[in-house]
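In the numbering used here, the protein residues as written are 20 to 132.
Glycine included, C-beta positions come from ideal geometry on N, C-alpha and C.
The block underneath contains the structure these notes are about, expressed in structure tokens.
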């Protein structure tokens, strides 16, 4: 995923957690906040998900899934995906489908550049 789409600052994460709209499914919790800027996406995986190697693998799978969906996601939002413990061990395609369904539920998919 390109640097321009990454959400990194702790203050940004805290703001989105406090003010964001929440959507969830079995594998993820999605927090969204409408902004005036470009699309920014952050990822979080709880320590309940395996060890550090497993958490980093899940984050890589999540980043790749979003990278492929970026052209379809509506701009002007800050988004955080929080992985639940059920996501560990699932295939990348299943993770991508779960993330896509959550974005559709939030009404953020369907836009193309």
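Neighbourhood of residue i by C-beta, 7 Å cutoff - its chain only, sequence neighbours within 5 removed
i: residue 42; result: 49, 121, 124 and 125
i: residue 67; result: 104
i: residue 38; result: 52
Separation of residue j from residue i, as counted between CA atoms
i: residue 30; j: residue 84; result: 25 Å
i: residue 40; j: residue 110; result: 27 Å
i: residue 78; j: residue 114; result: 11 Å
i: residue 26; j: residue 97; result: 8 Å
i: residue 65; j: residue 75; result: 11 Å
Best match in the options for proximity to residue i [C-alpha to C-alpha]
i: residue 56; options: 104, 93, 118 and 64; result: 93
i: residue 100; options: 54, 108, 36 and 28; result: 36
i: residue 107; options: 98, 71 and 86; result: 71
i: residue 81; options: 90, 98, 118 and 33; result: 118
i: residue 34; options: 44, 22, 21 and 51; result: 51
Contacts around residue i, its chain only, beta-carbon distance under 8 Å, and the 5 residues preceding and following it disregarded
i: residue 95; result: 53, 54, 55, 56, 57 and 58
Nonlocal neighbours in the same chain, by C-beta distance under 6 Å from residue i, ignoring five residues either side
i: residue 103; result: 46
i: residue 73; result: 107
Beta bridge counterpart(s) of residue i as assigned by DSSP
i: residue 25; result: 60
i: residue 128; result: 92
i: residue 53; result: 96
i: residue 115; result: DSSP output for residue 115 lists no bridge partner at all.
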